[in-house]
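**Student:**
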Amino acid sequence: MTFEAIKINNLYKEYHLGSVGRGTLYRDLQSLWARIRNKPDPNSLIDSQNFNLTKKNLIALNDINLTIRKGEIVGIIGENGAGKSTLLKILSRITGPTKGRIEITGKVASLLEVSTGFHPELTGEENVFLNGAIYGMRKNEIKNKMSSILKFAGVEKFKDTPIKRYSSGMTIRLGFAVAAFLDPDILMLDEVLAVGDASFNNKALKKVDEISKEENRTVLFVSHNLSSIKTLCNRAILVEQGKIVFDGKPNDTVDYYIKRSTEKINSKINLNIKKREDRKGNNNLKITDIKFYDEKNEVINEATSGDFIEIRFFYEVYKQVINQNFNFGVSINSSKFYKVAIFENDEMGTVFDKFNKKGYFSLKINKLNLRSGRYFLDFSLREGMRGHGWKHIDEMSNAKELIVNVGDFWKTGIKNYPGEFGLLESSMTKVDLDN
Amino acid sequence: MKSKTKKIIITPSNKIINFKFFEIIQYIDLIFMFIKRDFTVFYKQTLLGPLWYLIQPLVNTLVFTIIFGKLAEISTDGLPKFIFYMSGTILWSYFNVCVSSISSTFLSNKEIFSKVYFPRITVPISTVIFSFLQFFLQFFIFLGFYLYFFIKGSEINPNLGLIYFPLLLVFMALISIGVGLIISSITSKYRDLNLALPFLLQLGMFASPVVYPFSLIPEDYKILSALNPMTSVIELFRGMFFGITDINMFYVFISLSVAIVLFIIGLILFFKVEKNFMDTV
Chain V
825 MTFEAIKINN LYKEYHLGSV GRGTLYRDLQ SLWARIRNKP DPNSLIDSQN FNLTKKNLIA
885 LNDINLTIRK GEIVGIIGEN GAGKSTLLKI LSRITGPTKG RIEITGKVAS LLEVSTGFHP
945 ELTGEENVFL NGAIYGMRKN EIKNKMSSIL KFAGVEKFKD TPIKRYSSGM TIRLGFAVAA
1005 FLDPDILMLD EVLAVGDASF NNKALKKVDE ISKEENRTVL FVSHNLSSIK TLCNRAILVE
1065 QGKIVFDGKP NDTVDYYIKR STEKINSKIN LNIKKREDRK GNNNLKITDI KFYDEKNEVI
1125 NEATSGDFIE IRFFYEVYKQ VINQNFNFGV SINSSKFYKV AIFENDEMGT VFDKFNKKGY
1185 FSLKINKLNL RSGRYFLDFS LREGMRGHGW KHIDEMSNAK ELIVNVGDFW KTGIKNYPGE
1245 FGLLESSMTK VDLDN
Chain C
694 MKSKTKKIII TPSNKIINFK FFEIIQYIDL IFMFIKRDFT VFYKQTLLGP LWYLIQPLVN
754 TLVFTIIFGK LAEISTDGLP KFIFYMSGTI LWSYFNVCVS SISSTFLSNK EIFSKVYFPR
814 ITVPISTVIF SFLQFFLQFF IFLGFYLYFF IKGSEINPNL GLIYFPLLLV FMALISIGVG
874 LIISSITSKY RDLNLALPFL LQLGMFASPV VYPFSLIPED YKILSALNPM TSVIELFRGM
934 FFGITDINMF YVFISLSVAI VLFIIGLILF FKVEKNFMDT V
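Chains V and C are the protein sequences, given in the same order. Positions 825 to 1259 (the numbering used here) are the ones given, in order, by the first sequence. Positions 694 to 974 (the numbering used here) are the ones given, in order, by the second sequence.
1) What number of angstroms, rounded off, separates the C-alpha of Asn1049/V from the C-alpha of Lys882/C?
2) So Tyr857/C contacts chain V; which residues on that side make the cut at Cβ distance below 8 Å?
3) Would you say Ser706/C reaches chain V, if we count a Cβ-Cβ gap shorter than 8 Å as a contact?
4) Please give the ranges of any alpha helix (DSSP H) in the segment 903–951 of chain V, keeping only runs that are unbroken, at least 4 residues long and fully inside the region.
5) Under 8 Å by Cβ, that's how I've got Ser1129/V and Val1230/V pegged, so tell me the actual separation to the nearest angstrom.
6) Using 8 Å as the limit for Cβ to Cβ distance, is Val1043/V near chain C?
7) Run through chain V and tell me which residues come within less than 8 Å of Met971/C, C-beta to C-beta.
8) Take Phe861/C and list the residues in its own chain whose beta-carbon comes closer than 8 Å to its own, dropping the five residues that flank it on each side.
9) Please classify Lys700/C as buried or exposed, where buried requires at least 16 neighbouring CB atoms within 10 angstroms.
10) How should Phe1032/V be labelled, buried or exposed, when 16 other C-beta atoms within 10 angstroms of its C-beta is the threshold for buried?
11) Taking CB distances under 8 Å as the criterion, tell me whether Ile901/V reaches chain C.
12) Less than 8 Å between CB atoms is the rule here; does Gly1237/V satisfy it with respect to chain C?
13) Just to make sure I have the definition right: I need the residues of chain V whose C-beta is within less than 8 Å of the C-beta of Val809/C. Which are they?
14) Give a yes or no on whether 8 Å exceeds the smallest Cβ distance from Thr929/V to chain C.
15) Going along chain V in order, which residues have a C-beta closer than 8 Å to the C-beta of Tyr720/C?
16) Taking the beta carbon of Arg813/C as the centre, do at least 16 other beta carbons fall within 10 Å, making it buried, or is it exposed?
17) If you measure from the beta carbon of Val734/C to each beta carbon in chain V, is any gap under 8 Å?
18) Can you tell me which of the three DSSP states Thr995/V falls into?
19) Answer yes or no: does any C-beta atom of chain V fall closer than 8 Å to that of Lys695/C?
20) Can you tell me which of the three DSSP states Lys915/C falls into?
21) Helix or strand or just coil, what does DSSP make of Lys1235/V?
22) Could you tell me whether the Cβ of Tyr839/V comes closer than 8 Å to any Cβ of chain C?
23) Could you spell out the range, first to last residue, of the beta strand (DSSP E) harbouring Gly897/C?
24) Roughly how many angstroms separate the alpha carbons of Asn1075/V and Glu1064/V, rounded to a whole number?
25) Quick one: list the residues of chain V neighbouring Val813/C, beta-carbon separation under 9 Å, in chain order.
26) Please look up how many angstroms separate the CB atoms of Tyr787/C and Ser869/C, rounded, as I've assumed it's under 8 Å.
27) For Leu723/C, which residues in chain V fall below 7 Å Cβ to Cβ?
28) Only counting the same chain, and skipping five residues up and downstream in sequence, which positions put a Cβ closer than 6 Å to that of Val1043/V?
29) Determine the chain V residues that contact Lys968/C at a beta-carbon separation under 9 Å, and present them in chain order.
30) Where does Asp1113/V fall in DSSP's three states?
31) Comparing alpha-carbon positions, which option in Val756/C, Ile759/C, Ser793/C and Lys737/C lies nearest Leu886/C?
32) If you count every other CB in all the chains shown that lies within 10 Å of the CB of Gly1237/V, and 16 or more means buried, which is it?
33) So, at 6 Å on beta carbons, what are the nonlocal neighbours of Phe843/C in its own chain, with the 5 sequence-adjacent residues on each side left out?
34) Measuring alpha carbon to alpha carbon, tell me which of Asn1121/V, Arg893/V, Phe827/V and Val1255/V ends up nearest Arg1059/V.
35) Just by C-beta distance, which residues in the segment 1102–1132 of chain V are closer than 8 Å to chain C?
36) Check Asp1262/V in the structure and name its three-state DSSP category.
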C-alpha cells in the first residue's frame, strides 16, 4: 500500500527585498515621519507608481504542487537560487510559507547541515544528547542509541573529551552520526554528504543508501551532484525560478536539466563578464574578464590538448578586501557539468594579499591535460575560514567557455581521441613473463 | 515508538500568539539540555565556576553599602544596610541576567535556527529556568545573612506575607520574560540596541528601589515608580522578609497590570519575529 508522505498544494514563498525596514531605527523613524505627513517615503526603493514594483518582492517559490509517496527517494536539482533550498527550508519548518498548504505524514528529520548546535565546551557525549534533543529526540531514545552513534562516528574513546579538542573531521562525523540515527520516516538532505574526509564520505553515502532503502522511508535529497542523484534517487524534480519544470525518472530529469542549462549558458557565455549579474558575493572585488594566453603571451581563443595555456582572470577592486585567508578557486567543468579539475591557490601554496585597483590572477597549466571538447570555467573568490563562515566576494558559474581542440598530449605524433575527460602524464608498456 | 498517524500541517501562520503547549511538552528534554549546557559551559569556562554567582552579589552589596549607605547616607527604612541592599541586588540581578540572555535569543541562535526546527520559545523558557538556578544560589546566601541579622536582633520582622513568596517569583519571572522577549524581538531588527542594553539595564536599576526604599519617593511620583513593575517585586520582597515597606495594593496592582501587558506584548512580538526571522538574516 502506498500513500502520501508529503503533499504540497499551491505553495508560494515571497521574500521582501529593498527598503522594508532593514537597517537602523533612525531610517525607520524617518519613513514613519514621512508617512505621517503624507510625503513619499525617502527610504523606499521604488514608489508605488513605478511599474518596477515586482523588484521589491522576490518570489522564491511560485505555485508549487507536489505529492511525494511513501518510500520514494526524490532528488531535487536546479541552479543556485532556483528555490530548492527554500523548498526544503519550508518543509523542515525553518521558515514559513507565504501561501499554500503542506501536509506531512510521519516523523521528519532534516539535515540541512550536520553538527549544528554543537557546543565546543561540551564533551562528545553531552553534545550528542544536546544535538539529539534539538532534532526532537527524547533523552531515553538518545541513551539507547548512544553507543551506536559514537561507534559509527569512531569517537568512542573521546566521548568524554570536549568537542573543541576534536578535529574538524571528527566533529562532522559525530554530527552526521547523530543525524543518521534519528530514525525518521521522512529524511531531508541538503548536500551534507560533501563534508568530511573521503573514507567517511563513502561510509556516509552508504549509510544514506541504507537508510533510504529501509522499507517505507521517504527521502528528499537536494544536490548539485547529478551523478549521485542518478544513483540514489528513483525520482527527480527540476526546480527553476520557483517552479517545478520537470518531474520524472532521475535520468530523464538530469538530461533535461543539462539540455536547459546548456541553452542558458549558450545565451550568456558570450556576454561581458563584468556586466553579468548571475554572480554571488559582496563584489568588493570583481572578476571583469577571463582570457587565454599561449606561451608566447599571445591571446588565444581556443586551447589544444597537451599545450601550454595560461588563464588570466582580470579583476577590479571596488572596496579593499580584508585579505583574511583569501581564497581563489577555479574549476573546470565538462559540458555535462561534471567537475573535471579544481584549482585553489591556498593548496597550491600561493598567498594573495594586498590588491591594486586592477590586476589579474594567472593560472598556468604547462600541459593542458584535457581531451578535446567543450568545458566551462567557474571561479570563486572568498575569504575567511574554509567551510566556517566563508565570506563570498565574487563567484560565478559557467563564467567562460573553454574549447579544447584535439592535440598531441603524449608527443607521439598521434592525435588524442576526443571526449571530455582528463589526460594524465603516463606511459603504457607490456611486460612478458616467462613461464 | 513511531506513531504512524503523526501529521504535520504547514500553512502560513496567522495566529498572534502561536504558543503550542503540547509541542513544547514534547521538547521538554531539549529545555533541560539547554539548561544543562548553559550551566556546564558557565562552569567550565570560568576559573571560579559557580562561585561567581556568590561573589558578584556580595561585592555589589558591599559597594552599595559603602557608597549609598555610609557615604550618601540614604535611608534604608531602619533596616541593616547590608541586608537591605542585598535584597535589592539579588532580585535585580535575576532580572538583569534574565533580560540580557533572553534578549539575544535570535541573534546568538541564528545558526541553529537556520538549520533545525524546534519550538523557538524553548530557548527563552530554558533561560528563565536557568536564571532561577543562579537566583536560588544567591538567595541562600541572602538567607544566611538574613538569619544572622535576625538572631542578632535587628529590626527584621518576617511576616505571613511570606506564603506568597512563590507567587512573587512568578511575578518576577513574568516581567523578565516580557521585557526580554520584547528586547529580543527589537534587537533582531535593530542590532544597535544590544550595545545599549547594559546601559539601559543600569539605568533601570536606579529607577527601581534597589539602593533606596520606596518610602523615599515623593508621594506624587509613586505612581510613576510603580509603572516599573520591578518596584513592586523588590518592595513586596522587603515587605515579606523585613516587615517594612511603603508600598500598598494600589501600586502593586499597577505594577502587575504593566507586567501582564509587557508579557503579552513580548509573546506577540516574539512569535511575529519567529515567523519571519530566518528570511531577514
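Using N, Cα and C, we set each Cβ at its ideal position, and we do this for glycine too.
**Tutor:** So, from the listed chains and residues:
1) Roughly 37 Å separates the two Cα atoms.
2) One finds nothing in chain V with a Cβ atom closer than 8 Å to the Cβ of Tyr857/C; even the nearest lies about 35 Å away.
3) Closer than 8 Å to some Cβ of chain V, the Cβ of Ser706/C qualifies, so yes.
4) Qualifying alpha helix (DSSP H) stretches, in chain order: 908–915.
5) With a Cβ gap of about 6 Å, Ser1129/V and Val1230/V count as contacting.
6) With 8 Å as the cut-off, Val1043/V does not count as an interface residue toward chain C.
7) Residues of chain V whose Cβ lies closer than 8 Å to the Cβ of Met971/C are, in chain order, Lys913, Ile918 and Thr919.
8) It should be pointed out that residue 861/C corresponds to Leu in this sequence rather than to Phe. Once the five neighbours on either side are set aside, the close Cβ partners of Leu861/C are Val926, Leu929, Phe930 and Met933.
9) Exposed, by the Cβ-count rule.
10) Before going further, note that residue 1032/V is Val rather than Phe in the sequence given. Its Cβ being crowded by 16 or more others within 10 Å, Val1032/V is buried.
11) No, no contact with chain C.
12) Under the Cβ criterion of 8 Å, Gly1237/V is not counted among the residues facing chain C.
13) One finds Ser916, Ile918, Ser934, Leu936, Thr940, Gly941, Ile958 and Tyr959 in chain V with Cβ atoms closer than 8 Å to the Cβ of Val809/C, taken in chain order.
14) Yes - at least one Cβ of chain C is within 8 Å of the one on Thr929/V.
15) By Cβ distance, chain V contributes Ala957 and Gly960.
16) It is buried - the Cβ of Arg813/C has at least 16 other Cβ atoms within 10 Å.
17) It does; some Cβ of chain V falls within 8 Å.
18) In the structure shown, Thr995/V falls within a helical segment according to DSSP collapsed to helix, strand and coil.
19) Confidence in Lys695/C is poor, its pLDDT being 42 and thus under 50, which makes the residue's placement unreliable; the coordinate value appears in the next sentence. Proximity of Lys695/C to chain V, defined by a Cβ-Cβ separation below 8 Å, is satisfied.
20) Look at Lys915/C here: in three-state DSSP terms it is helix.
21) In this structure, Lys1235/V counts as coil in the three-state DSSP scheme.
22) Tyr839/V counts as touching chain C.
23) According to the DSSP assignment, Gly897/C belongs to no beta strand (DSSP E) but to the alpha helix (DSSP H) extending over Asp885 to Ala900.
24) Answer to the nearest angstrom: the Cα atoms are 18 Å apart.
25) Before going further, note that residue 813/C is Arg rather than Val in the sequence given. Neighbours of Arg813/C on chain V: none; closest Cβ ~10 Å, over 9 Å.
26) Contact flag correct, Cβ pair sits at about 7 Å.
27) At a C-beta separation below 7 Å, Leu723/C has these neighbours in chain V: Ala957 and Ile958.
28) Short of 6 Å from the beta carbon of Val1043/V, and not among the five residues preceding or following it, lie these beta carbons of its own chain, in chain order: Ile897, Leu1011 and Ser1036.
29) Residues of chain V passing the Cβ test: Thr919 and Gly920.
30) Secondary structure of Asp1113/V (DSSP, three-state): strand.
31) Answer by Cα proximity: Ser793/C.
32) Flag for Gly1237/V reads exposed.
33) Result list for Phe843/C: Ile849, in chain order.
34) The option with the nearest alpha carbon to Arg1059/V is Arg893/V.
35) Within the segment 1102–1132 of chain V, no residue qualifies.
36) Residue numbering for chain V in the displayed model covers 825 to 1259; residue 1262/V lies beyond these limits and cannot be assessed.
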